[in-house]
Amino acid sequence: MALEQKLISDQNSKKLELSEEEKNTLLYEGYPIPEKYPLTKTEEETMKIVRRKIRNRLSAQESRRKKKELIDDLRSKLGSLLEENESLKQQITQLEASNRDLQTKLYEGESENKKEIPV
Numbered sequence: 007m008a009l010e011q012k013l014i015s016d017q018n019s020k021k022l023e024l025s026e027e028e029k030n031t032l033l034y035e036g037y038p039i040p041e042k043y044p045l046t047k048t049e050e051e052t053m054k055i056v057r058r059k060i061r062n063r064l065s066a067q068e069s070r071r072k073k074k075e076l077i078d079d080l081r082s083k084l085g086s087l088l089e090e091n092e093s094l095k096q097q098i099t100q101l102e103a104s105n106r107d108l109q110t111k112l113y114e115g116e117s118e119n120k121k122e123i124p125v
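Printed below as a string of structure tokens:
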């Protein structure tokens, strides 16, 4: 949502053209809507304030959107990493069991070799 902004002093017509967002913000803030050019110093300052508020509001919306996107991305990565971690834990358990079996076979093989070899 881009805010198209014309300089108030650049407008040639006597009728002042404001965006809907500018009009709504003026009304919400309790300012009267100026309709004719030239604007008084107070009206110029009011329009500066209103336009700054609109820019700030748009910037805040964009920041919240980006933050939500980042959080969603991090949650997705967390889910993937938790799955990978669980898979690796299962692999460790299997390897430990295999290692125990091999050690048992090795021990049993050494015991049999000692029995067969006369000293």
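For the sequence shown, our numbering gives the first residue as 7, with consecutive numbering after it.
For glycine and all other residues, C-beta sits at the position ideal for the given N, C-alpha and C.
Query: Contacting residues, own chain, Cβ-Cβ under 6 Å from residue 127 (five flanking each side not counted); Result: The displayed coordinates of the chain run from 7 to 125. Any statement about residue 127 would go beyond what the structure contains.
Query: For residue 35 and residue 56, believed in contact at Cβ under 8 Å, the rounded distance; Result: 7 Å
Query: Pair within 9 Å by beta-carbon distance, residue 52 and residue 44; Result: no
Query: Delimiting residues of the alpha helix (DSSP H) encompassing residue 34; Result: 26–35
Query: Rounded C-alpha distance that separates residue 58 from residue 93; Result: 52 Å
Query: C-alpha distance - residue 112 paired with residue 86, whole-angstrom precision; Result: 39 Å
Query: Under 9 Å between C-beta atoms of residue 29 and residue 42; Result: no
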